[in-house]
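The block underneath contains the structure these notes are about, expressed in structure tokens.
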Amino acid sequence: MARIRSSLILLAALPLLSSCVAALLPLAALGTIGKKQIDRAAAKREFVAAGAIDLAMPAGKVTIGDDGGAADALPRTEKKFSGQGGASEIIEVDLDGDAADYIAQFFQPIDSGSSPYASFAAYALTQSAKLAEGEGVRSVVLVPRVNIFKPETMACEGKPLAVVIDLDDTTDRDWIEAETLYRQNGLIEVLLSLRAAEISVIWLSDQPLAASGKISAILNEAGFSQSESDDFLFLDRGGDDRKQVRRWDAARNYCIIAMAGDDRADFDELYGYLRDPDGALTLEPMFNNGWFIAPPPLVEANENTANQPDDKEG
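Numbering-wise (the working numbering), the sequence shown opens with residue 448 and increments by one.
Rendered as structure tokens:
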């Protein structure tokens, strides 16, 4: 029955798994290693050693200082949060039958089509279901020095699953200084569903490591960070560090099955060098098949949203 259910899930998700992607990007994992055989502790240690910040800590306990080391306690941000979210296109998840029943075990949005991260979550959960049944899963992070005419993704075998969410707002670099931040509708539920499926969440930002304490506090107070989860914050480590390098470092330790960002360059920096970002035709099948354009998780309140009532419960 489990095998049948897995097959139904994959059939229902065919609109998300186009044949173009299969042709362009070979499977980066054989899918022969089950979740129980993956050494999550080792992956976590190596990732933290690479500079990632472990967000798995009891609330109010020792966390991160301004230099990335230990501090006395999580600093309070005194931010106001609302579940209104920024302007975004509503995305529907086309799943029904047994597939919908399986997904519903993990993903329960506030209401139909309420979250701009719905397709992102459904795709990641489908990959988790495939791995649980011994099927192949692939990374969505392109290899270094990728051949754009024959793109390949990084290896995935034996690594725990994770997703990458880009925190940065393309239109507002100083979002962490905002007095009031709005969180995207349904994102808390999405994060809970991913964690229930043993999918780690990696928050990526170009903010400096010195801002780690403040950003960790914001994620905690916004409800995006959960105690004792395998979630991480990956900030600029200084020197010649780039967001692209951090994506590669994340993919060396985790199988990145989905990424979300508000700009094409949030998936690979090559988009920042193209005269026409829409010209990378060989990469177009990746969108909505592992790469998901979505508004930033947290956006600064503008004049239209600032007067709306605060909804701290989201």
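For glycine and all other residues, C-beta sits at the position ideal for the given N, C-alpha and C.
Because the structure is a prediction, the values reported are computed rather than measured.
Take residue 625, set aside five residues on each side of it, and the residues of its chain with a beta-carbon closer than 6 Å to its own are 747, in chain order. For residue 698, the CB contacts under 6 Å within the same chain, skipping 5 residues up- and downstream, are 586, 588, 601 in chain order. For residue 629, the enclosing beta strand (DSSP E) begins and ends at 627 to 630. C-alpha of residue 622 to C-alpha of residue 669: approximately 14 Å in a straight line.
Judged by beta-carbon spacing, residue 713 lies beyond the 8 Å limit of residue 616, meaning their Cβ atoms are not closer than that value. Selection 735, 631, 737, 568 evaluated against residue 645 yields 568 as nearest (Cα-Cα). For the pair residue 686 and residue 656, the CB atoms are not nearer than the 8 Å cut-off.
Per DSSP, residue 639 is one residue of the alpha helix (DSSP H) stretching across 634 to 643. For residue 485 against residue 607, the beta-carbon gap comes to about 5 Å, under 8 Å, which counts as contact.
Residue environment: residue 711 is assigned as buried (16 or more neighbouring CB atoms within 10 Å of its CB, all protein chains considered).
Of the candidates 488, 566, 500, the residue whose Cα lies closest to the Cα of residue 659 is 500. Around the beta-carbon of residue 641, 16 or more other beta-carbon atoms lie within 10 Å, marking it buried. Residue 613 is bridged by DSSP to 651. A direct Cα-to-Cα measurement between residue 503 and residue 729 gives close to 38 Å. Cβ contact annotation for residue 596 (same chain, cutoff 8 Å, sequence separation greater than five): 729, in chain order. Cβ neighbours of residue 675 within its own chain (closer than 7 Å, five residues either side excluded): 503. Residue state for residue 662 is assigned as helix, using DSSP reduced to three classes. In the structure shown, residue 713 adopts helical secondary structure according to DSSP, grouped into three states. Beta bridge pairing from DSSP links residue 603 with no other residue.
By DSSP's assignment, residue 708 forms a beta bridge with 740.
Between the C-alpha atoms of residue 494 and residue 727 there is a straight-line separation of about 30 Å. Ranked by how close their Cα comes to the Cα of residue 491, the residues 736, 680, 633, 661 have 680 in first place.
Between residue 638 and residue 671, the C-beta spacing is below 8 Å. For residue 590, there is no enclosing alpha helix (DSSP H), as DSSP marks it with neither H nor E. Only exposed fits residue 591, as fewer than 16 other CB atoms lie within 10 angstroms of its CB. DSSP links residue 703 through a beta bridge to 609.
For the pair residue 610 and residue 740, the CB atoms are not nearer than the 8 Å cut-off. Residue range 679 to 683 is occupied by the beta strand (DSSP E) that includes residue 679, with no alpha helix (DSSP H) assigned at that position.
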